[in-house]
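For the sequence shown, this note's numbering assigns the number 771 to the initial residue and increments by one for each residue that follows.
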Amino acid sequence: MAIKGSLKEASLPDVVQLLFFGRRTGCLTLSDRQRFGSVFFEDGWITYATIVNRRDRIGDILLRSSVITREQLDQALSLQRMARGRRLGEILVSLGALAPDELKRVVRLQIEEAVYSLFAWTVGTFTFEAGVRPEWEGDLERINPENLLLEGARRIDEWSLIEKKIPSFDLVFALDKTALANESLSFTEAQRRILFLIDGTRDTREVIDASGLSDFEAAQALFGLITAGLAQRIGTSARTTPSRLLEAQIEEHRNLGIAFLRTEMLDEAAREFRRVMELRPSEGAAPFLLGVIAARQGRWPEAVDCFRQSLDRAGPRGHVIHNLAVALEEVGRLDQAEAMFTEAAGRLPDHPLVFLNWGLFGLRRDEGSAAWARFERARELMPGTPPPLWYFGATLALAQQEQLERALDLAREAVAGHPAHPVLRNNLAVLAEATGDTASAETILRETLRDDPPLPQVHKNLGDLLYRSGRYEDASQFYERA
């Protein structure tokens, strides 16, 4: 069961302490409609944390601290685009650009900085989902939240002072050369790292990026120099060109939309993707994702329009064509759906979901033989035991061809692979009765009702079986329950 609440009612440190003392495992997500963050726990200890669009990604950290070069990062990012699902850190290690221990250190730093930033959020909502684990596949180091809580509280207090002198990172500061001439001055390591980066032309963000320090460390160092009268504000930067600003806005809205979509915050996700389309009318991915949202919400005509927009803007891509085929089927445009399924199968010949959905479409058109061929192809492409939906469709495809014995064998295999699935057990009972084994059918239906009583179709099927066998009073009870 999810835990939900408002940060106005319970602060994030309080929520983290609650999860720590309760030794909970799962994901805590936070959102204030413009930002989105996640903290993962294992037995109450923090194992991972991330904030969408925050400048603390591994590549940024490694580049800022000169652990890797821009060329190495670009090479790794290029490989990541070609091999989706691989982590950037893993690729850098495989290229020899990064040692495994250094990757572990940077990941921990990334987690800590994300948590410290989240502690400063005072508005928004939080949700804790038990059992959810991070996508990060590396070794997860468990971090004691109590250590982060102490440091986080200190940083929040200090940020409130820093922001009075540095309210935004587009401010430009210059050094007072006369004051610096004092030989008795002493500096912290962080101050020494930023001292010669403050030149009256770089803004605060550029100074932070060039220093290799975290936002807090660099801002803290700059605050000390300002307070000591060694640095003074001289203006605001205008360094970002309109095109770079536009790209940054598009990426920010897209990343937020994807984060909201993953956590089923569909209205919020749709808002972000519409903003992407406003900023870049030629965008092809945003209308596709809006189509996915419309499909999840059952607004199939809108989904058709969105998928067509995506095809018009980005060209004929297999996954878009496949989704369009499903949407066309849902609105009853079956001939067009057939054409789209055929096109999708040609473009994605090794994608089992395409053939699975195409097989289900064949059942709708009473084309049992064609549907069975598609289900067979889907199974060839599936690793391990097929999912319940495959067994459901494949069994019906055989039944449509009146191959009841084969369908019965497949239904038995389905229940063996998914013994707790009530629909598969119901179908096994129907086929058992159809092949003359009424006693087994009744036993299966009664066992299914015992384990999963709310399913109406099982009540009806058992009522039908009893009615056909002349037990009318017993049958009426199950009809009423159905």
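The beta-carbon is built from N, C-alpha and C at its ideal position, and this holds for glycine as well.
Quick caveat: nothing in here was measured; it's all calculated off a predicted structure.
Cβ neighbours of residue i in the same chain (closer than 7 Å, five flanking residues each side left out)
i, result
"Tyr818", "Phe810, Ile881, Pro904, Trp906 and Leu910"
"Leu1059", "Gly1027, Leu1031 and Phe1043"
"Phe1077", "Phe1058, Gly1061, Val1090, Asn1093, Leu1094 and Ala1097"
"Gln1227", "Asn1196"
"Asn1231", "Asn1196, Ala1199, Val1200 and Leu1215"
Alpha-carbon to alpha-carbon, residue j and residue i
i, j, result
"Ile821", "Leu950", "38 Å"
"Trp1160", "Ala1190", "16 Å"
"Glu899", "Thr799", "8 Å"
"His1023", "Arg1032", "14 Å"
"Ser1007", "Arg963", "21 Å"
"Arg1087", "Val893", "40 Å"
"Ala1040", "Leu788", "33 Å"
"Thr1213", "Arg1134", "30 Å"
"Ile926", "Phe889", "8 Å"
"Asn1196", "Glu1243", "22 Å"
"Asp969", "Glu883", "27 Å"
"Val785", "Leu992", "32 Å"
"Ala1095", "Arg1176", "30 Å"
"Tyr886", "Gly866", "31 Å"
"His1229", "His1188", "21 Å"
"Asp985", "Pro1158", "49 Å"
"His1089", "Gln1067", "19 Å"
"Asn914", "Arg878", "12 Å"
"Gln1173", "Glu1017", "58 Å"
"Leu920", "Glu933", "20 Å"
"Gln1247", "Asp1234", "11 Å"
"Asp1037", "Leu833", "36 Å"
"Ala1204", "Pro1153", "31 Å"
"Arg1069", "Asn917", "48 Å"
"Glu1279", "Asp1207", "Nothing in the structure corresponds to residue 1279, since the chain is present only between 771 and 1252."
"His1121", "Ala923", "50 Å"
"Asp1179", "Ser1052", "51 Å"
"Asn952", "Gln1019", "44 Å"
"Leu777", "Thr795", "20 Å"
Residue i (DSSP reduced to helix, strand or coil)
i, result
"Arg1003", "strand"
"Leu777", "coil"
"Ile821", "strand"
"Val1185", "helix"
"Ile881", "helix"
"Ile816", "strand"
"Thr799", "strand"
"Gly807", "strand"
"Ala869", "coil"
"Ala998", "coil"
"Met1152", "coil"
"Leu1118", "coil"
"Ala1190", "coil"
"Trp1103", "At residue 1103 the sequence reads Arg, which differs from the Trp that was named. Three-state DSSP puts Arg1103 in coil, outside helix and strand."
"Val876", "helix"
"Pro1224", "coil"
"Arg793", "coil"
"Pro1157", "coil"
"Gly1240", "coil"
"Thr839", "coil"
"Glu1108", "helix"
"Leu924", "At residue 924 the sequence reads Arg, which differs from the Leu that was named. Arg924 falls in the helix class under three-state DSSP."
"Asp1136", "coil"
"Glu1172", "coil"
"Arg857", "coil"
Beta-carbon separation (whole angstroms), residue i vs residue j, contact threshold 8 Å
i, j, result
"Leu782", "Trp929", "The pair is not a contact, with the Cβ atoms about 15 Å apart (cut-off 8 Å)."
"Trp1128", "Arg1144", "5 Å"
"Ala944", "Gln990", "Rounded, the Cβ-Cβ distance is 19 Å, inconsistent with contact."
"Phe939", "Arg975", "4 Å"
"Ser835", "Gly982", "4 Å"
"Glu1072", "Ala1084", "Not really, about 18 Å apart at Cβ, beyond 8 Å."
"Gly1264", "Leu849", "Only positions 771 to 1252 of the chain appear in the structure, and residue 1264 is not among them; the question remains open."
"Trp1142", "Ala1164", "7 Å"
"Ile996", "Lys935", "5 Å"
"Pro870", "Val863", "6 Å"
"Leu1194", "Ala1181", "7 Å"
"Leu967", "Phe957", "Actually they are not in contact, since the Cβ atoms of Leu967 and Phe957 sit about 13 Å apart, beyond 8 Å."
6 Å CB neighbourhood of residue i in its chain, flanking five on each side removed
i, result
"Glu1099", "Ala1107 and Phe1131"
"Arg1149", "Pro1156"
"Gly807", "Leu800, Ile821 and Leu888"
"Phe790", "Gly814 and Pro915"
8 Å Cβ shell around residue i - same chain, five flanking residues per side excluded
i, result
"Arg793", "Asp813 and Gly814"
"Gly999", "Asp946 and Ala949"
| Going along the chain, which unbroken runs of the alpha helix (DSSP H) with 4 or more residues stay wholly within the region 1018 to 1099? | 1036 to 1049, 1055 to 1066 and 1070 to 1084
| field | Contained beta strand (DSSP E) runs [length at least 3] in the region 932 to 993, N- to C-terminal order | value | 941 to 945
| query | What are the start and end residues of each continuous beta strand (DSSP E) run of 3 or more residues lying completely inside the region 891 to 922, in chain order? | reply | 895 to 900
| query | What are the start and end residues of each continuous alpha helix (DSSP H) run of 4 or more residues lying completely inside the region 1195 to 1225, in chain order? | reply | 1208 to 1221
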